[in-house]
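Below is one structure, written out as structure tokens; the observations come after it.
Protein chains: 2
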Amino acid sequence: MSRTPPHPTREQIELPMVLDCLSDPIRLAIVYQLAQQEHVSSELCCGDFNALSGKSNLAYHFAKLRECGLMQTRVAGTNRFVRLRREDLDARFPGLLDAVITSAAKDADRLHLVSECEGVKAD
Amino acid sequence: MSRTPPHPTREQIELPMVLDCLSDPIRLAIVYQLAQQEHVSSELCCGDFNALSGKSNLAYHFAKLRECGLMQTRVAGTNRFVRLRREDLDARFPGLLDAVITSAAKDADRLHLVSECEGVKAD
DNA sequence: CCCGATGTTCAATAGTTCTTGAACTAATTG
DNA sequence: CAATTAGTTCAAGAACTATTGAACATCGGG
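Protein chains in written order, with this note's numbering: chain Z, 85 to 207; chain R, 85 to 207.
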């Protein structure tokens, strides 16, 4: 379980799979949250998304996001860090990711998305 | 059956539904075909898509495209004309439709999309 | 070495989606 | 009015999706 899971190559990334992945509210929220703080850090750890659903359900959605090429997973000790594959996506589908993020931001309330600097609860 | 079917208002158009709609290969092909000849005519009639699938399956996909706000259907005698709701989509999700069309065009072969001036078979 | 934390995997379930063909409706044409 | 054309609606089936909880694996720390 400790090895890095498989990722598609850039060329293997398929538009319908990407769109389907982004069409699920939980996965869209994950991608949005990653994009919102890309300028702070490109990575978040899986646990940072625990507010969105149960852990096993999140693992399912992480796998989907990884398999369709939207995210990369890095194993570090007992944690896994995920990040958007922005370079690959921008090369493959120019403007798509940004258009989705921007559109999601416009509907953040309706989509129950966490805006930047929110949702980081002090312990 | 003859009345114009219901369409969502611009504000009712939801991002996840739009992305989900576009993630189906047949629906993506429909949208792509409409976009490819938007500069010739904004409308096509349902029968122009018969190459993509059977009629009842197309009716199912047309309904989905209409219900999510991607297309508008106009009834004219025994025909129905469909067109992209470009103004509404661009207002709601700026750049999204164009990014999807451009991305689809790049993968036209892989996605089995009909390029412009193709698929118009003389009788 | 055992504990707790982090995440994954598995099995089961409820619900959804796509596809097909047959029956239907509605307008047009002879 | 009968026949044709265009497209929808309905019912049924196969396949897939999301969600849940329980069991499991792995790492790091006392």
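The beta carbon of each residue, even a glycine, is placed where N, CA and C say it ideally should be. Keep in mind that this is a model prediction, so the values were computed, not measured.
Item, Value
"Does any residue of chain R bring its CB to less than 7 Å from the CB of Pro-90 of chain Z?", "no"
"Using three-state DSSP, classify Arg-169 of chain Z as helix, strand or coil.", "coil"
"Could you tell me whether the Cβ of Asp-172 of chain Z comes closer than 7 Å to any Cβ of chain R?", "no"
"Any idea what DSSP makes of Arg-176 of chain R, helix, strand or coil?", "helix"
"On the three-state DSSP scale, how would you describe Cys-129 of chain Z?", "strand"
"For the alpha helix (DSSP H) containing Arg-194 of chain Z, name the first residue and the last one.", "Here Arg-194 of chain Z belongs to no alpha helix (DSSP H), and DSSP marks it neither H nor E."
"Return the first residue and the last residue of the beta strand (DSSP E) that Ala-135 of chain R is part of.", "Segment: none, Ala-135 of chain R is in no beta strand (DSSP E) and carries neither H nor E."
"Measure from the C-beta of Asp-191 of chain Z to each C-beta in chain R and report whether the shortest distance is under 7 Å.", "yes"
"Look at the Cβ atom of Pro-92 of chain Z, then the Cβ atom of Thr-157 of chain Z, and state whether they are nearer than 7 Å.", "no"
"For Asp-193 of chain Z, count neighbouring C-beta atoms within 10 Å of its own C-beta (all shown protein chains included) and say buried if the count is 16 or more, exposed if not.", "exposed"
"Which residues of the segment 107 to 119 of chain Z have a Cβ closer than 8 Å to any Cβ of chain R? Give them in chain order.", "Ser-107, Asp-108, Pro-109 and Leu-112"
"What is the rounded straight-line gap between the Cα of Gly-153 of chain Z and the Cα of Ser-187 of chain Z?", "20 Å"
"Check the DSSP bridge columns for Arg-158 of chain R and list the partner residues they point to.", "R:Phe-165"
"Roughly how many whole angstroms lie between the Cα atoms of Arg-170 of chain R and Leu-103 of chain R?", "15 Å"
"Here's a check: name, in chain order, each residue in its chain whose Cβ is nearer than 7 Å to the Cβ of Tyr-116 of chain R, leaving out the five neighbours to either side.", "Ile-185, Ala-188 and Leu-197"
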